[in-house]
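What follows is one structure encoded as C-alpha cells, with my remarks underneath.
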Amino acid sequence: MTHPDEEYRQMKAWKRESDMLGFVADAQCGIPTRCPCGGTIINEVSRDPKYPTDLILYRGENTSLAKILRDRVDAMAAEIAELKYNLARTNPTTP
Numbered sequence: 003m004t005h006p007d008e009e010y011r012q013m014k015a016w017k018r019e020s021d022m023l024g025f026v027a028d029a030q031c032g033i034p035t036r037c038p039c040g041g042t043i044i045n046e047v048s049r050d051p052k053y054p055t056d057l058i059l060y061r062g063e064n065t066s067l068a069k070i071l072r073d074r075v076d077a078m079a080a081e082i083a084e085l086k087y088n089l090a091r092t093n094p095t096t097p
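Residue 3 is where the sequence shown starts when you use the numbering used here, and the numbers rise one by one after that.
Printed below as a string of C-alpha cells:
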C-alpha cells in the first residue's frame with residue numbers, strides 16, 4: 003500500500019489532467035470557460051486597447067481600416083484577373 007500523501011498527489015495530478023482535457027473539449031464546442039492551463043478567462047474589455055484594431059465595435063468607427071482592406075481586396079482582384087487572362091491566352095509570350 004502506498005502512502006496516503008502519494009495517493010493524494012496522484013489523484014490531484016489525474017484530476018488536473020482530466021480537467022485540462024475537459025477544458026479543451028469544451029473550447030472546441032463553443033466559448034471556453036477555463037484556459038487549458040487551469041487559469042480563468044477574464045470576460046472584461048480593457049479600456050486601453052493593446053492593438054490598433056482592438057475595440058472596433060461599430061460600422062464606420064474605423065474607416066481608415068476599411069479603406070485599407072478595400073484597397074487590398076481590389077489589388078487582389080486585379081491580380082486574379084491578370085492571372086486568369088494569362089492562363090486563357092493561347093500563347094503566353096504574345097500580348
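The C-beta atom is built at its ideal place from N, Cα and C for all residues, glycine as well.
Put simply, the backbone Cα of N88 is about 11 angstroms away from that of E81. In this structure, DSSP gives R91 a state outside helix and strand, which the three-state scheme calls coil. Straight-line spacing of the CA atoms in L71 and K86 works out to 22 angstroms.
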